[in-house]
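Enquirer:
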Amino acid sequence: MDKNLIKCGLAFLAGTVCGFVFHKYKDSPKSGEDKNRKYSQLFDNWLILSERGEGIGTYFKERDMKEVAVYGYGNIGRHVITQLSYADIQVKYIIDQRKDGILSGDMVCYGMGDSLPDVDAVIVTPICEYGEIEERLQKRISAPIVSIEDIIYELL
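Take 31 as the starting number for the sequence shown in my numbering and just add one per residue.
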């Protein structure tokens, strides 16, 4: 077989794979612009709730849920914990990949490999990764798993 033909075939194959990968991840909600837009919409809707005098604690009170866990201790996770403390919903613990780097006062932090205590629900705060996180959590805990995004949109 001709070496030029083999090179052309390999170049075509490499181009096809690169094109597939580019198009697959270009439209992914994890892409920078889409991710920023999703988080901006989340905070805007959360602020609308707050301006109405409502908070995310309402979601849990309506379902008679008193103890929750929060997955993700970034900006959103910290706001969730603060808002739930005002609503008398106990955040029993945090779940985070960086569990060893989290200093949260009296709050206990677990990693995904740890045994997770029972709670009424787990709130997932990294909204763009919710599907992956939900799938992993379902193998670890029997409590309902809900995205902070779904909570906010339901309360609107």
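For glycine and all other residues, C-beta sits at the position ideal for the given N, C-alpha and C.
Predicted model, so just to flag it, every value in this text is computed and none were measured.
1. Taking the alpha carbon of residue 138 as the reference point, which residue from 167, 101 and 151 has its own alpha carbon closest?
2. Please report how far the alpha carbon of residue 98 lies from the alpha carbon of residue 63, in whole angstroms.
3. Given residue 84, which residues of its chain have a CB within under 7 Å of its CB, disregarding the five upstream and five downstream residues?
4. For the beta strand (DSSP E) holding residue 98, just list the boundary residues, first then last.
5. For a minimum of 4 consecutive residues, which ranges assigned as the alpha helix (DSSP H) are wholly contained in the segment 66–115?
6. I need the straight-line Cα distance from residue 175 to residue 153, nearest angstrom please.
7. Assign residue 116 to buried or exposed, taking buried as 16 or more other Cβ atoms, counted over all protein chains shown, within 10 Å of its Cβ.
8. Could you tell me whether the Cβ atoms of residue 119 and residue 73 are closer together than 8 Å?
9. Please classify residue 157: does DSSP put it in a helix, a strand, or coil?
10. With a threshold of 6 Å on Cβ separation, who are the neighbours of residue 107 within its own chain once the five nearest residues in sequence on each side are excluded?
11. DSSP on residue 120, reduced to helix/strand/coil?
12. Among the candidates 127, 151 and 170, whose CA atom is the shortest distance from the CA of residue 145?
13. On the DSSP letters alone, give me the boundaries of the alpha helix (DSSP H) that residue 175 sits inside.
Expert: Quick answer:
1. 101
2. 31 Å
3. If the five residues before and after residue 84 are omitted, its C-beta is found closer than 7 Å to the C-beta atoms of 185, all from its own chain and listed in chain order.
4. Looking at the DSSP string, the run of the beta strand (DSSP E) that includes residue 98 is 97–101.
5. 87–92
6. If you take the alpha carbons of residue 175 and residue 153, they lie about 6 Å apart.
7. exposed
8. no
9. helix
10. 100 and 155
11. In the structure shown, residue 120 adopts extended strand secondary structure according to DSSP, grouped into three states.
12. 170
13. From DSSP, residue 175 is part of no alpha helix (DSSP H) but of the beta strand (DSSP E) over 175–177.
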